[in-house]
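Just below is one structure, and these are the notes that go with it.
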Amino acid sequence: MSDTLKELVELLNVFAMLSLMAVGGGTAVLPEMEHEAVAVHHWVTSTQFASIYSLGQLAPGPNMSMVGIIGYHAAGAAGFFLVLFAFYFPACMLTYVVSHIWDSYRDNPWRDAVQRGLAPITIGLMLAGVYAVGKTASFNLDRPLWFNGVTLGFGLAIVLLLFWKRINPAILILACGAIGWFVLR
Amino acid sequence: MPRPIANEPSAADAPPSIGKIFTAFAMIGVSSFGGGLVAYLRDVVVDREKWLTGDEFLGALEIGQTLPGLNSTNVAVIVGRKLRGPRGAAAAALGLILPGVAILIVLGLLYVRFHNNPDVAAALAGVAAAAVGLLLQVTLKIGGRSFLRPKDLMFIIPTFLMVGVFHVSLAATLFLLAPIAIWLNRPESLKKKTPAPSSDPEP
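Just so you know, the sequences run in chain order U and W.
Our numbering numbers the first residue of the first sequence as -4 and each following residue consecutively.
Our numbering numbers the first residue of the second sequence as 835 and each following residue consecutively.
Set out below in structure tokens:
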């Protein structure tokens, strides 16, 4: 098997699995995705992963389409589209099939149990996602202390701003990019 | 509170065309900068197009949140399916996803070409630091009081440590923790009596 083909099969495996394990939304698989893409398969570096994730927050639509860029790094244009397919199709297909038979189960008390049971696990996964991206993007020992001060400051400022007021997060991200252009070098 | 999601069309009007479904979802896909897609979806599906009632939309959202996958694409699939079967579901999901993908192709090409440029690297460092803040805020908002409830922390902390710090595979983590978490939230009726099999739908 050629190297590219092998890479494509790996991409398909990893992202289809992630698709079906995204309990409570795409963000839940962020830590596992980071681990697979950086440490296990070396498709991207951890800095690249953090940048790619944040680029995804600048585009409209579902905020996980940036997975395609990881596929591009691993296997070019074919990787880009394959990863998008692998990440979206299995979960959509599952939803299509299950929503078909859902009405007959909607009064089943177990549905509520699943939803409430998974909620704290989803939160734990999201927290792990913050850590997975933050360990390079916010606090990174390869960088000088002042640099980490600025990046941590950006993060904290955004948390506070968003709790204080409803601002479009894309604007805040762009603003931090603009400040970063001048400050973070 | 369970809500019907209406497998059968509720309003007896002729269902919208595939093109119409695609366009409506593509409008969301192109304009929803900054996340919060569920609110955009509700605006279009319930208020503008009146394809679903508010309750039906909440029903679809409940399914979309319970099943794996992105909540927004799951809701799109459910709404599209309800309107026009498999082709409607495909049109809705693709409409939602494709505009952002087109923009990401441009951003991605720029990124691949310029990420070693020091100016761009500096801006990207700012962008990434901001994205962490955004992610943390969403986590804190969704988590809310869960962070103060011991019963929830019992799962939040182990999940975080296993997946985030020790890199236990997500599959193994879910396999281990999800059944316990679901069992602890089992229906009231089962808490007193002996456990019954879970596949026991009510009529």
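Each residue gets a CB set at the ideal place from its N, CA and C atoms; glycine is no exception.
Remember, predicted model here, so these are calculated numbers, not experimental data.
What are the boundary residues of the alpha helix (DSSP H) that residue i is part of?
i, result
"S980(W)", "No alpha helix (DSSP H) contains S980(W), which DSSP labels as neither H nor E."
"V154(U)", "140 to 159"
"P920(W)", "905 to 948"
"L169(U)", "164 to 178"
"R1020(W)", "Counting along the chain, R1020(W) falls outside any alpha helix (DSSP H), and DSSP gives it neither H nor E."
"G63(U)", "62 to 97"
"D126(U)", "Checking the sequence, you will find Tyr at residue 126(U) rather than Asp. Unbroken alpha helix (DSSP H) run through Y126(U): 104 to 132."
"L136(U)", "Taken as a continuous stretch (DSSP letters only), L136(U) belongs to no alpha helix (DSSP H), as it is neither H nor E."
"T(-1)(U)", "-2 to 16"
"T40(U)", "Element bounds for T40(U): n/a, residue is neither H nor E."
"L995(W)", "First-last for L995(W): undefined, no H or E at that position."
"E27(U)", "25 to 29"
Are there 16 or more other CB atoms within 10 angstroms of the CB of residue i, so buried, or fewer, so exposed?
i, result
"S(-3)(U)", "exposed"
"F856(W)", "buried"
"K975(W)", "exposed"
"P55(U)", "buried"
"D102(U)", "exposed"
"W141(U)", "exposed"
"W159(U)", "exposed"
"F1000(W)", "exposed"
"W1017(W)", "exposed"
"R983(W)", "exposed"
"L969(W)", "buried"
"V940(W)", "exposed"
"H37(U)", "exposed"
"D986(W)", "buried"
"S851(W)", "exposed"
"P26(U)", "buried"
"K916(W)", "buried"
Quick check: is the beta carbon of residue i nearer than 8 Å to any beta carbon in chain W?
i, result
"H181(U)", "Past the boundaries of the shown model lies residue 181(U); chain U is included only from -4 to 180, so the question cannot be answered."
"L53(U)", "yes"
"T40(U)", "no"
"P139(U)", "no"
"N8(U)", "no"
"W159(U)", "no"
"T90(U)", "yes"
"A45(U)", "yes"
"L136(U)", "no"
"S133(U)", "yes"
"L77(U)", "no"
"L179(U)", "yes"
"A11(U)", "no"
Measuring only between beta-carbons, confirm whether residue i sits less than 8 Å from chain U.
i, result
"E1036(W)", "Note that E1036(W) has pLDDT 46, beneath the 50 cutoff, so the model's placement of it is unreliable and the number below is only indicative. Answer yes: the Cβ-Cβ gap between E1036(W) and chain U drops below 8 Å somewhere."
"L1018(W)", "yes"
"F891(W)", "no"
"A957(W)", "yes"
"G922(W)", "no"
"N950(W)", "no"
"F867(W)", "yes"
"G934(W)", "yes"
"P849(W)", "no"
"V911(W)", "yes"
"G998(W)", "yes"
"T973(W)", "yes"
"G853(W)", "no"
"A1012(W)", "yes"
"V961(W)", "yes"
"L895(W)", "no"
"D877(W)", "no"
"D881(W)", "no"
"A845(W)", "Confidence is the limiting factor: at A845(W) the pLDDT is only 49, short of 50, which leaves the residue's position unreliable, though a coordinate-based value still follows. Answer no: the Cβ-Cβ gap between A845(W) and chain U never drops below 8 Å."
"G898(W)", "yes"
What whole-angstrom Cβ distance do residue i and residue j have, given they're in contact under 8 Å?
i, j, result
"G21(U)", "L904(W)", "5 Å"
"L77(U)", "L7(U)", "6 Å"
"V864(W)", "S906(W)", "About 14 Å; that fails the 8 Å criterion."
"A132(U)", "V966(W)", "5 Å"
"R106(U)", "T993(W)", "Incorrect: roughly 21 Å between the Cβ atoms, too far for contact."
"A123(U)", "G998(W)", "3 Å"
"T90(U)", "N908(W)", "4 Å"
"I116(U)", "L1011(W)", "6 Å"
"G919(W)", "F859(W)", "Not a contact, Cβ separation roughly 16 Å."
Checklist entry - Which runs of the alpha helix (DSSP H), 4 residues or longer, sit entirely within the stretch 854 to 902 of chain W? => result 871 to 876, 888 to 900
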